[in-house]
Amino acid sequence: MWENSSLRCLVAIAFLHLLSFIYNQETGFPEVPQNLKCITHDLKRTICSWDASSSANLGLTYNICYANSDLVSPVCIKTEEKRADIPVTAGSTNIQITTLNAAAIPLTTETFVVPKENVSLIPFTPQILSLSPDFSSYTLYLKWNDSGSVFPYGLDASWQIQILHKETMETVTLATYNSNLTGKDTVLSWNWTSDMPLECTSHYVKIRCYINESVFTGRKEWSEWSLIKTVPGKDTELSNAVVYPQDKVVPVGSDMTFCCLYSEGESIKYMKYGSERYPLLHLSKRSSAIKVQNVSASIPSGTNVWCSLQPDNAAGTVLFVGYAPDVPQNLSCETRTFINIICSWNSGKPTGLYRQRRTKYILFERISRENVTCKVDELSKKHRCDFPVHANQKIYSFTLGASNPIGQTESSLLIDVNQRVHLETPDKFTVSTNSSTTAYLSWYIPGNLIQIRLLCQIEISNSNSEQQLQNVSVAGAENSNYRARVDALHPYITNTFRVRCSASEHFWRWSKWSEEKKLTTLEAPPARGPDIWRERSPVRETLKIFWKPLLLSEANGIILSYEVSCYLQETMLKAHEVPGPLNSTELKLGGNDCLISVVAKNRAGSSPPSRITSVDIPSDNVKTEQAIATGNGIYLSWYSDPNVTCGYTVKWCYSSGSEPCNVDWETFPSNTTDALIKSALFQPGVRYNFSLYGCKHNGYQLLQTITGYMKELPPKVAPNFTVAETSSDSVLVKWEDIPVEDCQGFLKGYMLYFAKGKRGASKPSYLEEGPPEVIPKNITDLTKKSLRIRDLQGKTSYRLDLKAYTIGGMGPSKSLYVVTKENSVGLIIAILIPVAVAVVLGVVTSILCYQKREWIKETFYPDIPNPENSKALQFQKNICEGNAALKTLEMNPCTPNSVEVVETRSTVPKIEDTKIVSPVVDSEFPEDGYDTETESHVVVSYCPPVIEEEISSPPIDEHVGPSQVIYIDIQSMYQPQVKPEEEPEINFLTTVGYKPQMQLPVNAMKMESHSSTEEDLDETAGYRPQANTNAWKLDSPDSPISIESNNENASFGSPCSINSRQFLIPPKDDEDSPTPNNTGWSFTNFFQNKPND
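Numbering of the sequence shown is given in our numbering, commencing with residue 2 and proceeding in unit increments.
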């Protein structure tokens, strides 16, 4: 039994399932379905799939039962896979999944509710049918099947196309393509153009689909990506180095990518476009590229692209940059001979491409279905192309196509050949004549012109620049000559002829003019007699006759002579001929009058006679008027004279320097009252004199004379003027008339300007100070020749400028300088006023000073100055600075300073300034041998504070006289005292220091008697110390002269003030005391009080 292998296998399988069931029951992990997902690919079937928690599913099956609103009863299916196909329903679906083991025993059951929103619409993965490259245009062409047949109805689909390149498969672009699914399988196509040559590297393409179903309420998702299609680059099969693209033609402004392919053993050094290097882009291990932005037009031979490789290799290519051809402009087609149709056009903007890359033109005719390749000059902008004329075809529809490697354009035109006839230029043109008014013409035109009629135009011009056109119509012929006749020509005129032709019925264009031919007609008699005038000499013996030469159109030939005759009552008195070039002659009439006749003659005959009488009617009170200048002529006007029956004659004369006057005249009808006289000989600024004659039945009468200018100009020169009189406030100016030849117009007045100014100044003061300073005077009365200028300033220089003016403008100016006379009254006033003001001010100042003398004296010159305001004490501030014990004029003990008084006996007290001498270190006292008979030396000690001690009076017998007080330098205050025997010598010439303001009488140093001190002091009547002199004790121990004194501050007071030259304590109590005797005047005495004030 066990030898049956099949039975043994079945038993093994059953045993295994049993073991699995037992295991699952024991462990508690049955095969439970979970994570149910439902999708649909075609909106017909829903594919539901799930996951199981255990992988031990050998022999498991699934019983799936589903129910929805579309089913009456649940439907069950059995499957071994973990997925099931269920029909798509509009509502929710209940799905029950039962897991069965190999013995069909249910293991677990799960129920799922699948709403319609949880079903995902995922299209089938699309399949690419083909991917083909076009290397010349960098384009990939993609085709795939849209699988539209799988869907029950039409839908909108979107396709996402991803392009990748390089070995690393970098995304180049991600494009979206929209299509409509029609329920049938359709092959879709799409193309993409790369910005770099496809040879540079491999390109990859894949696609996916998205169905946009608006009714479907579930989730809509992209399909899976298709399999990748590859377009391999040339870098995968390279043998030699090469640069792509090869000889590419691109439009101006393109962005270009150039790649260099090389072998694996090589490496790239650089790449250049033209002469410029660009950064390298790595594409693969055998490919690199550069990008050039906005390329400009290249030269005709193109722009080089260069790739340099290592170790020693190179490759390159050429880029041609230009423009696409313009639409052919001004396309026009016409025929000249009815053999060919010539189409012409302008190429427009140059393309910049030449030779094999040039623009090519093809002319296509739609009715006959023929085309012609046009050969054009690529350097010319005007092109033409010939197309043959077909028999019995009148309408032609042309399309002209233009193309080059960058692009193509075209232009169309529909024509009727009979209406586009442009004949060839007439040839073999001839002109002949046999009369004075007729010419015969002949010409030749090539072509088969039998079917049309020609209209030819003949242009006739003469030497007078007169032109006329005559049209003639002739029948067309084949390669024939054509003739015409021209009448009504002018005799003896050289005419120039030329001819052109066109179609008569349908005019399109004239042919070119033929060559010119000249012909001179024969002569004829003059058409009229010459214009004549006459003038009688002043003595009336001779009559001069003038005539104007006939115009060429009037002479009808060459005038050989003039016949001048004199008639009296139809009887010829005199006659003679004058040669042609002359235009005047003289007749001696001896005071008689006659009728003058002039006849012009040429080879063909004589002109009609011109007649004029020699009678002059006397004139009285002939007035002279002014004409009006018009710029191109002279306008004359006059009053009409009823007695004038045969017109007016205006005569004038040209004169240039020493040459004789050339008479000219014009004749006007009797009803004319004005005229504009024009002549090429008129010049601006020149005065012309005109005479107006009236022609009456019995002769000519001078009616008036007229002067005028063709154009008035400013005067050429300034008028001469002088200053006739001057005064202190006026100037009299006189001037002269300007000569007529320098006026250049009719004077309208004079302008006189005057302002302050000096000769030699660059410009007058009125130009510096402004227009208000200048004073103009406009003198319009031309009869005045002087002007007085008033209200001027005396003794002042003025500049005078005088100008004349016409309608043409202001003439040049002439300047004069004049100085007015001095005004004596003003000078006197100018002197008296300052003197009076000074006197008044002096008197007022003196009165004020006298009334305020006390205040002035106290303010500026006080009797006792304020020491705080004294500058003489400023030197002690530095000495006493920092030492509170050192203070000026205080009653503190101090080291006495040496004072030496030199006195000279005198009976009269004399007050003088003292001299300050500062001692030096090495100063010494005078020796014993010093002369003491005339001067006594008294050395006293000085200390500013007052000592409250008595000082004995000096001896009476000591003489009193001028003295010199010497103070040692302030530094001596701090020197140690010495014994008398050790007393240093003092050099009085070199000592400097304080100088008293007055000399006082001081006793000798060794005073024996003090009784006369007060009397001496009273007698001096000078400076008084700021202390009580009765308290001075010269022999006291503390006195300045006491050598034994130990009082460093001993003092008998200050001998004088520090900064005043006056007495500090004037003698008020003792009126009998002597007064200082001042011999000189000082300003201080002016403020001194008088005793009895």
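Where a beta carbon is used, it is the ideal one built from N, C-alpha and C, also for glycine. Remember, predicted model here, so these are calculated numbers, not experimental data.
Just the C-alpha distance for VAL836 and LEU849, rounded to the nearest angstrom, thanks. 20 Å
ALA805 vs PRO716 beta-carbon contact at 7 Å: yes
Just verifying my parser: in three-state terms, what is the DSSP assignment at ARG535? strand
Can you check which of these residues, GLU82, VAL120 and THR100, is closest to THR90 by C-alpha distance? VAL120
Segment limits, alpha helix (DSSP H) that includes TYR139: TYR139 -> no alpha helix (DSSP H), and no H or E assigned at all.
What span of residues does the alpha helix (DSSP H) with THR846 cover, start to end? 825-852
Nearest to ALA68 by alpha carbon, out of ASN405, ILE78 and ASN95? ASN95
According to DSSP, simplified to helix, strand and coil, what is VAL33? coil
Among the candidates GLY591, GLU587, ILE416 and PRO246, whose CA atom is the shortest distance from the CA of SER598? GLU587
So is VAL844 buried or exposed if we call it buried at 16+ other beta carbons inside 10 Å? exposed
Please determine if the region 172-189 and the region 147-164 are in contact, where contact requires at least 3 C-beta pairs separated by less than 8 Å. yes
State the start and end residues of the unbroken alpha helix (DSSP H) segment that holds ASP864. That residue, ASP864, is in no alpha helix (DSSP H); it is neither H nor E in DSSP.
Presumed contact (8 Å Cβ cut-off) between VAL651 and TRP666, rounded CB distance: 6 Å
Straight-line Cα distance separating ILE857 from THR1076: For THR1076, the predicted structure reports a pLDDT of 43, less than 50, and the residue's modelled location is therefore unreliable. The matter cannot be settled from this model.
Where GLU118 and GLU225 are concerned, what is the direct C-alpha to C-alpha distance, given to the nearest angstrom? 21 Å
Runs of beta strand (DSSP E) wholly within the region 433-471 (minimum 3 residues, chain order): 440-449 and 454-463
Would you check if there are 3 or more beta carbon pairs closer than 8 Å linking the region 675-694 to the region 636-653? yes
Is it a yes or a no for the region 295-312 touching the region 227-240, going by three-plus beta-carbon pairs under 8 Å? no
Cβ shell of CYS595 (< 7 Å), same chain only, five flanking positions each side left out: CYS567, TYR568, LEU569, LEU574 and SER615
Rounded to whole angstroms, what is the Cα-Cα separation between THR521 and GLY530? 23 Å
Between GLY700, PRO351, LEU262 and PRO246, which has its C-alpha nearest ASN305's C-alpha? PRO246
With a threshold of 7 Å on Cβ separation, who are the neighbours of PRO301 within its own chain once the five nearest residues in sequence on each side are excluded? TYR355
Measuring CA to CA, which of THR172, ASN36 and GLU168 is closest to ASP52? ASN36
Whole beta strand (DSSP E) runs in the region 349-383 with 3 or more residues, listed along the chain? 361-366 and 371-375
Report the option in LEU583, GLU479, ASP86 and ASN463 whose CA atom is closest to the CA atom of LEU455. GLU479
Backbone CA spacing between ARG370 and ILE363 [nearest angstrom]: 13 Å
Which ranges does the alpha helix (DSSP H) cover as unbroken runs of at least 4 residues, wholly within the region 689-759, from first to last along the chain? 741-744
Would you tell me roughly how many angstroms separate the C-alpha atoms of LYS735 and THR625, rounded to the nearest one? 28 Å
Which class does GLU517 belong to by DSSP, given the choice of helix, strand or coil? coil
Which residue wins for smallest C-alpha separation from PRO670, given the options VAL664, LEU693, ASN663 and PHE683? LEU693
Work out the CA separation of PHE861 and LEU1065 for me, nearest whole Å. Its pLDDT being 46, under 50, LEU1065 is placed unreliably in this model, and the value from its coordinates should be taken loosely. Going by the C-alpha atoms only, they are around 15 Å apart.
Since THR821 and THR784 should fall inside the 8 Å C-beta cutoff, what is the C-beta to C-beta distance between them, to a whole number of angstroms? Contact doesn't hold; Cβ gap of about 28 Å is too wide.
Given a cut-off of 7 Å, decide if VAL322 and ALA290 are closer than it, judged by their beta-carbon atoms. no
Could you check which residue in ALA476, LEU817, PHE691 and LEU424 has the C-alpha nearest to that of LEU753? LEU817
Please classify VAL741 as buried or exposed, where buried requires at least 16 other C-beta atoms within 10 Å of its C-beta. exposed
Check VAL250 in the structure and name its three-state DSSP category. strand
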